[in-house]
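For reference, the structure is listed below as structure tokens.
Number of protein chains: 2
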Amino acid sequence: MKDAEPMYIPTFDDVIAAHDRIRPYIHRTPVLTSSYFNTLTGAELFFKCENFQKAGAFKVRGASNAVFGLSDELAEKGVATHSSGNHALSLSYAAGRRGIPCNVVMPRTAPEAKKAAVRGYGGIITECEPSTSSREEVFAKVQAETGSEFVHPYNDPRVIAGQGTCSREFMEQMQDLGGPVDIIVAPIGGGGMISGTCLTLSKIAPDIQIIAAEPEQADDAYRSFKAGHIIADDAPVTIADGLKVPLKELTWHFVSNHLTDILTASEQEIIDAMKLTWQRMKIVMEASCAVPLATILKNKERFAGKRVGVIITGGNVDLDTLPWMKT
Amino acid sequence: MKDAEPMYIPTFDDVIAAHDRIRPYIHRTPVLTSSYFNTLTGAELFFKCENFQKAGAFKVRGASNAVFGLSDELAEKGVATHSSGNHALSLSYAAGRRGIPCNVVMPRTAPEAKKAAVRGYGGIITECEPSTSSREEVFAKVQAETGSEFVHPYNDPRVIAGQGTCSREFMEQMQDLGGPVDIIVAPIGGGGMISGTCLTLSKIAPDIQIIAAEPEQADDAYRSFKAGHIIADDAPVTIADGLKVPLKELTWHFVSNHLTDILTASEQEIIDAMKLTWQRMKIVMEASCAVPLATILKNKERFAGKRVGVIITGGNVDLDTLPWMKT
């Protein structure tokens, strides 16, 4: 798909279709609460725990929707992506469930643990040099050789429709937890989860505020939102490594039309919120998932007295190098 | 209560009464499954996650039963214990909920983090020297001064009846998960959780095998079980620090009468199982809780094809010193 062509904007019907399509391959993840964090924030928090999701992250929703939506003819040639993160794992998992190949282009410098995890889900890795030009060159070659279908980590209507199933499920679960939330907070990187959330909530619960949380050190979405057009940074540095990528055409559509606000947090605030969540909620989650809580803790007055949904996006952490130990 | 008097043996009626008494103060903790661990072990595993329990451990069940079962007259003077672990936290939490004092005698050498956690739940700490004689002396003084009720971490019928509510709840939850398990595996230290499990299951599901899991390096319960009488070790060294204490009269009653078997695991096997659980299940749990999975992994043939319940007993971990980093 070339940037010049206007992309198809997914609708809520696509979310419903995605949900029916992927249900056998995903978990209905639990919603946890914490009286400790309620007391600490003055809000009533509900944590949607996608760290317990298949392949360890919400991204399996979008990846599964893309994989299982392919015609048999297209599927036969497999899928492909370039990613060293949760999208690569998730696409490998989904392709494995369908029994088709998944080609992943990864920098040769990526941690061995990440390569092993992709291979563990059946992904076929082709290494590139750690530069954009090498990645694009190697990826084009892999695609030409295999004819496999490119599934972008977020700038893809099938992926966004898949991510939209998360907040649909969350809102269903809230019916047994005292009714809807007032606000949902989710991290923003490329904007796939936020776009899916906007897509679903703008249709089924348009009164719910949607707030994106972003690291101060990778605040391109924040600056884009304020400026009214996409600003992309080159290689921002943050502990929240899932949130380094920029918005793209399709996610910008949802961010610019439906988002209430973007809040940011410093690296130390993110690390503190991450450690505190592990300590008090006993869950393993990525630094990226701590950004929402970090922004809630530093903007308490905005959330006090409100019912707030927080999306914990993933749990694929390198347990050998935890950020609070890097001192 | 002196050792010379025969202790009251709690009954299943005491478990039912305990459950009614403590329900407002505890979580009904979730049961998690993992297709990864099912594939790895060849068994169907169900994890009862008491790491998500109030105060971070199952021990809040027994402590709450002891605290809320006191007459108003006794309660007024508060409760007391000597412990630097989860029992101290749990008793402090329960006493706080009832609004009565909780006196905890802890060695002055105990980690500041543990003292802070006890104080965080409202416990009043009196420090002793790190020796049994000092602990006993200081504890006797505190009890004499306060008149507070001693609640032993496990050798107490109120505590064991409280712990018995865990497997009752677990078995209720299994009704929605395809029926009862064939085997339950839980860690054994002093034997409080195992005794509660034996008490409940011998009444409501006597066909379920109950297997205790113990560190090789603190295998006093294993040797007691084989010898037919209590063998107590002095200060065993193991990463599973909740499991260092010996059996006592009351827990020996349940271990000797109802337990199917005791299996052991090495330190490295425990650490590996702990890390793997964090990685794959995304839960924070103590080393003690990894002992059951470690014994299942090294005795696969015994568990293959079976439905196995595993009790994850607690999640109060020092996140700054994880055992797989001590190399």
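Top to bottom, those sequences are chains Z and S. Start counting the first sequence at 1; every next residue gets the next number (our numbering). Start counting the second sequence at 1; every next residue gets the next number (our numbering). Don't be surprised by glycine CBs; every beta carbon is placed ideally from N, CA and C. Given the structure is predicted, the values throughout are model-derived calculations rather than measurements.
- Interface annotation, residue 58 (chain Z): not in contact with chain S, CB-CB separation never under 8 angstroms.
- In the same chain as residue 131 (chain Z), and ignoring 5 residues on each side of it, no C-beta atom comes closer than 7 angstroms to its own.
- Counting along the chain, residue 165 (chain S) sits inside the alpha helix (DSSP H) bounded by residues 157-174.
- Annotation: Cβ neighbours of residue 315 (chain S) in chain Z (cutoff 8 angstroms, chain order): 282.
- When DSSP states are grouped into helix, strand and coil, residue 296 (chain S) belongs to the helix group.
- Spatial neighbours of residue 84 (chain Z) in its own chain (CB-CB distance under 6 angstroms, excluding positions within 5 residues in sequence) are listed in chain order as 106, 110, 114.
- Under DSSP, residue 48 (chain S) takes part in a beta bridge, and its partners are S:31, S:311.
- Here residue 35 (chain S) is exposed: its Cβ has fewer than 16 other Cβ atoms, across all protein chains shown, within 10 Å.
- Contact annotation for residue 325 (chain S) against chain Z: 320, 325 [CB-CB distance below 8 angstroms, chain order].
- Against chain S, a Cβ distance below 7 angstroms from residue 279 (chain Z) picks out 319.
- Taking 7 angstroms as the upper bound on Cβ-Cβ separation, chain S lies near residues 51, 52, 56 of the segment 40-67 of chain Z.
- Around residue 275 (chain Z), the beta-carbon contacts reaching into chain S at under 8 angstroms are 319.
- Taking a contact to require three or more Cβ pairs closer than 8 angstroms, the segment 288-304 of chain S and the segment 26-44 of chain S qualify as touching.
- In the three-state reduction of the DSSP assignment, residue 285 (chain S) falls in the coil class, being assigned neither a helical nor a strand state.
- If the five residues before and after residue 277 (chain S) are omitted, its C-beta is found closer than 7 angstroms to the C-beta atoms of 283, 285, 290, 293, all from its own chain and listed in chain order.
- Sixteen is the threshold: when 16 or more other Cβ atoms of the shown chains lie within 10 Å of the Cβ of residue 269 (chain Z), as they do, the residue is buried.
- Under the Cβ criterion of 8 angstroms, residue 246 (chain S) is not counted among the residues facing chain Z.
- Secondary structure of residue 101 (chain Z) (DSSP, three-state): coil.
- Shown in chain order are the members of the segment 18-32 of chain S whose Cβ falls below 9 angstroms from a Cβ of chain Z: 30, 32.
- Excluding the 5 residues flanking it on each side, residue 15 (chain Z) has same chain C-beta neighbours closer than 7 angstroms at 161, 164, 165, 168, 199, 200, in chain order.
- Remark: C-beta atoms of residue 21 (chain S) and residue 65 (chain S) approach each other more closely than 8 angstroms.
- Secondary structure at residue 261 (chain Z): strand, using DSSP grouped into helix, strand and coil.
- Under DSSP, residue 186 (chain S) forms a beta bridge with S:212.
- At a Cβ-Cβ threshold of 8 angstroms, residue 69 (chain S) and residue 102 (chain S) do not count as neighbours.
- For residue 117 (chain S), no beta strand (DSSP E) encloses it; the enclosing alpha helix (DSSP H) starts and ends at 112-120.
- Pairwise C-beta distances place the segment 87-97 of chain Z out of contact with the segment 213-230 of chain Z, as fewer than three of them are shorter than 8 angstroms.
- Nearest to residue 148 (chain S) by alpha-carbon distance, out of S:317, S:95, S:51, is S:95.
- Beta-bridge annotation (DSSP): residue 80 (chain S) is paired with S:103, S:150.
- Contact annotation, residue 46 (chain S) with residue 315 (chain S): C-beta distance approximately 18 angstroms; criterion of less than 8 angstroms not satisfied.
- For residue 16 (chain Z), no beta strand (DSSP E) run applies; the uninterrupted alpha helix (DSSP H) run containing it begins and ends at 12-22, by DSSP.
- Beta-bridge annotation (DSSP): residue 57 (chain S) is paired with S:314.
- Shown here for residue 108 (chain S): same chain residues with a beta carbon closer than 6 angstroms to its own, the five before and five after excluded, namely 127 in chain order.
- Taking residue 177 (chain S) as reference, the option from S:8, S:29, S:7, S:33 with the minimal CA-CA separation is S:33.
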